[in-house]
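Below is one structure; the comments refer to it alone.
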Amino acid sequence: MAEHYRNPVPTVDIIIEIEDHPGVGDKKIVLIKRKNPPYGWAIPGGFVDYGETLEAAAVREALEETSLAVTLVRQFHTYSEPARDPRLHTISTVFIAKARGVPSAADDAAEAGAFSLDALPAPMAFDHAQILRDYREMKY
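If you're matching positions, the sequence shown starts at 66 in the working numbering and goes up one per residue.
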């Protein structure tokens with residue numbers, strides 16, 4: 066009898082640094098409010114398509130959810146806690162990117178905005194609060 070193997074699903078998340086958002090002087094990061102469960106605020110991201118690189122998926126997902134064309138700066142970290150996504154076991158590779166302009170919600174994002182790390186909205190979806198704590202520690 067053949068065994069059935071289950072593997073985690075690859076995803077990407079993108080911490081988008083934006084510096085020219087109107088009315089702000091400090092660097093902000095872009096977050097989206099999810100339109101679908103699990104609800105909450107999140108770092109833009111999503112599933113990697115078959116035949117797609119992680120980098121291409123990150124650029125595509127950022128554009129689809131925020132309407133921003135991003136430039137990837139570097140890969141930040143990979144998160145693999147099996148319970149990080151309540152829907153299924155995912156492994157997310159997180160990228161840091163830069164963008165200019167005003168984020169606009171699209172695709173499965175109900176809202177999009179630029180936020181200071183000192184004033185993040187709540188609740189956060191998935192393990193994104195932890196990811197942003199790790200990012201903050203790296204930056205300061």
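All C-beta atoms in this analysis are idealised placements derived from N, C-alpha and C, irrespective of residue type, glycine included. Nothing here was measured: the structure is a model prediction, and the numbers come from that model.
For the region 192 to 200 and the region 118 to 129, state whether three or more C-beta atom pairs, one from each stretch, are separated by less than 8 Å. no
Residue range of the beta strand (DSSP E) that includes Thr76: 74 to 83
Note down the Cα distance separating Ala190 from His69, rounded to an integer number of angstroms. 30 Å
If you drop the 5 nearest sequence neighbours on each side, which residues of the same chain put their C-beta closer than 8 Å to that of Ile156? Pro73, Val74, Pro75, Thr76, Thr143, Tyr144, Ser145
Runs of alpha helix (DSSP H) lying entirely within the region 128 to 187, each at least 4 residues, in chain order: The qualifying runs do not exist here; there are none.
In terms of DSSP beta bridges, what is Gly111 paired with? Note: Gly111 sits in a beta bridge opposite Val77.
Kindly list the residues whose CB is nearer than 6 Å to the CB of Val89, restricted to its own chain and excluding five residues on each side of it in sequence; keep chain order. Any answer about Val89 is weak, because its pLDDT of 48 lies below 50 and its placement is not dependable; what the coordinates show is given next. Hits under 6 Å: none found.
Which residues does DSSP list as the beta-bridge partners of Leu96? Paired residues: Gly178.
Taking all protein chains shown into account, do 16 or more other C-beta atoms lie within 10 angstroms of the C-beta of Glu84, making it buried, or fewer, making it exposed? exposed
Using 7 Å as the threshold, is the C-beta distance between Ala177 and Pro168 below it? Yes.
Have a look at Tyr115, Pro151, Phe160 and flag the residue whose alpha-carbon is nearest the alpha-carbon of Asn101. For the residues Tyr115, Pro151, Phe160, the minimum Cα distance to Asn101 belongs to Pro151.
If you drop the 5 nearest sequence neighbours on each side, which residues of the same chain put their C-beta closer than 6 Å to that of Ala107? Take Ala107, set aside five residues on each side of it, and the residues of its chain with a beta-carbon closer than 6 Å to its own are Ile97, Arg99, Ala190, His193, in chain order.
Between which residues of its own chain and Gln140 is the CB-CB distance below 6 Å, once the five residues before and five after are set aside? Phe160
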